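Novice: This is the structure, below, for whatever I ask next.
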Amino acid sequence: MNALSPLGMVSDVPSKNQSSDAVEAQNNMPAAAGQVMPDHAATAPAATDPAPADRADACDEVAKDYFVERDGVRFAGTHLLLDLWGARNLTDPALIDTALRAAAEAAGATILHGHFHHFSPNGGVSGVLVLAESHISIHTWPERDFAAVDIFMCGACNPYRSIETLKGAFAPTSIQLSEQRRGLIV
1 MNALSPLGMV SDVPSKNQSS DAVEAQNNMP AAAGQVMPDH AATAPAATDP
51 APADRADACD EVAKDYFVER DGVRFAGTHL LLDLWGARNL TDPALIDTAL
101 RAAAEAAGAT ILHGHFHHFS PNGGVSGVLV LAESHISIHT WPERDFAAVD
151 IFMCGACNPY RSIETLKGAF APTSIQLSEQ RRGLIV
């Protein structure tokens, strides 16, 4: 039995990106600022595919500490904060779990564990996917048609690739997006 089961819904559905190490780690768990964007503008920036030599160097760097280097700047990872206004599908923990898993997979992340809690009486949901590359979390306010989503990823993942998946799942009328580079080395 998973230690989080008594607290609410725990998702043990594996991801296609879930590594065998992640499955092993999960099975051995102990028991006990803002930029306003219209709906159509929250698209991922073009992904860059480094040349093979650069890719090898990047993989070596990632293997050391998972820090990211972009435009000559090194930092721990990209943290996106999304405010989804006019959103739908905010009360079903299983649907939200599925949406966040699809978003993590779209970004190339490895899912380690998920936990989602359904609140009464308003039906809001709070949940988190723990990723090998950090996390994705959500808090919903169905009475306000609002969801707050955090996507923090390090390594080779691209959190911007999660946005289209989230838009498809929650159909917000508008999105407020901010990006923070965490662990910025200056």
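Going by full-length UniProt numbering, 45 is the number at position 45 of the sequence shown; the sequence numbering is gapless. Using N, Cα and C, we set each Cβ at its ideal position, and we do this for glycine too. Remember, predicted model here, so these are calculated numbers, not experimental data.
Buried or exposed, going by whether 16 or more other CB atoms sit within 10 Å of the CB of residue 193?
Specialist: This structure leaves residue 193 out entirely; the chain is present only between 1 and 186.
Novice: Among Met-153, Phe-119, Glu-143, Arg-181, which residue has its Cα nearest to the Cα of Gly-108?
Specialist: Locating residue 108 in the sequence shown gives position 108, counting from the first residue. When each option's Cα is compared against that of Gly-108, the closest is Met-153.
Novice: By how many angstroms is the C-alpha of Gly-114 removed from the C-alpha of Ala-104?
Specialist: If you number the sequence shown from 1, residue 104 lands on position 104. If you number the sequence shown from 1, residue 114 lands on position 114. Their Cα atoms are separated by approximately 11 Å.
Novice: Do Cys-157 and Glu-133 count as a contact pair if the criterion is CB distance below 8 Å?
Specialist: For the purposes of this step, residue 133 is identified with residue 133 of the sequence shown, where counting begins at 1. For the purposes of this step, residue 157 is identified with residue 157 of the sequence shown, where counting begins at 1. It is a contact, given that the beta carbons lie within the stated cut-off.
Novice: Near Trp-141, which residues of its chain fall below 6 Å by C-beta distance, leaving aside the five closest residues on each side in sequence?
Specialist: Within the sequence shown, numbered from 1, the residue matching residue 141 stands at position 141. If we look at Trp-141 and ignore the five residues flanking it on each side, its Cβ neighbours are Gly-124.
Novice: Would you please state the rounded distance, in angstroms, between the beta carbons of Gly-168 and Phe-75? I believe it to be under 8 Å.
Specialist: For this step, residue 168 is matched to residue 168 along the sequence shown. For this step, residue 75 is matched to residue 75 along the sequence shown. The Cβ separation is near 29 Å, so there is no contact.
Novice: Report yes if the C-beta distance between Val-149 and Ile-138 is below 8 Å; otherwise report no.
Specialist: Within the sequence shown, residue 149 is the residue found at index 149, counting from 1. Within the sequence shown, residue 138 is the residue found at index 138, counting from 1. Cβ distance < 8 Å, so Val-149 and Ile-138 count as in contact.
Novice: Should residue 187 be labelled buried (16 or more other beta-carbon atoms within 10 Å of its own) or exposed?
Specialist: Given that the chain is displayed from residue 1 to residue 186, the structure contains no residue 187 and the question cannot be resolved.
Novice: Grab me the residues of Gly-86's own chain with a C-beta within less than 7 Å of its C-beta, minus the 5 sequence neighbours each way, in chain order.
Specialist: Indexing the sequence shown from 1 puts residue 86 at position 86. Answer for Gly-86: Asp-145, Pro-172, Thr-173, Ser-174, listed in chain order.
Novice: Give me, in chain order, the residues of the same chain whose beta-carbon lies closer than 6 Å to that of Ile-151; leave out the 5 immediate sequence neighbours on both sides.
Specialist: Translated into the one-based positions of the sequence shown, residue 151 becomes position 151. Taken in chain order, the residues that qualify are Leu-80, Ile-136, Pro-159, Ser-162.
Novice: On the CB-based measure, 16 or more other CB atoms within 10 Å of its CB, does Ala-147 come out buried or exposed?
Specialist: If you number the sequence shown from 1, residue 147 lands on position 147. Classification of Ala-147: buried, given that the 10 Å Cβ count is 16 or more.
Novice: Quick one: complete alpha helix (DSSP H) runs, 4+ long, within the segment 78 to 130?
Specialist: Listed in chain order, they are 93 to 107.
Novice: Kindly indicate which residue of Val-128, Glu-143, Ala-102, Val-73 has the alpha-carbon position closest to the one of Ser-120.
Specialist: As a working note, residue 120 is residue 120 in the sequence shown. Of the listed residues, the one whose Cα sits closest to Ser-120 is Glu-143.
Novice: Just verifying my parser: in three-state terms, what is the DSSP assignment at Glu-164?
Specialist: Within the sequence shown, the letter at position 164 stands for residue 164. Looking at Glu-164 - three-state DSSP - the assignment turns out to be helix.
Novice: What does the alpha-carbon distance come out to for the pair Ala-58 and Arg-88?
Specialist: Along the sequence shown, read from residue 1 onward, the residue named residue 58 stands at position 58. Along the sequence shown, read from residue 1 onward, the residue named residue 88 stands at position 88. With a pLDDT of 44 at Ala-58, under the threshold of 50, the modelled position of that residue is not reliable, and no figure is offered here.
Novice: Compute the beta-carbon to beta-carbon distance between Thr-165 and Ala-102, rounded to the nearest angstrom, for a pair I have assumed lies under 8 Å.
Specialist: Residue mapping note: residue 165 aligns to position 165 of the sequence shown, counting from 1. Residue mapping note: residue 102 aligns to position 102 of the sequence shown, counting from 1. Their Cβ separation, rounded to whole angstroms, is 5 Å, which keeps Thr-165 and Ala-102 in contact under 8 Å.
Novice: Count the other C-beta atoms from every protein chain shown that fall within 10 angstroms of the C-beta of Asp-71, then say buried if there are 16 or more, exposed otherwise.
Specialist: Taking the sequence shown and counting its residues from 1, the one referred to as residue 71 is at position 71. Exposed.
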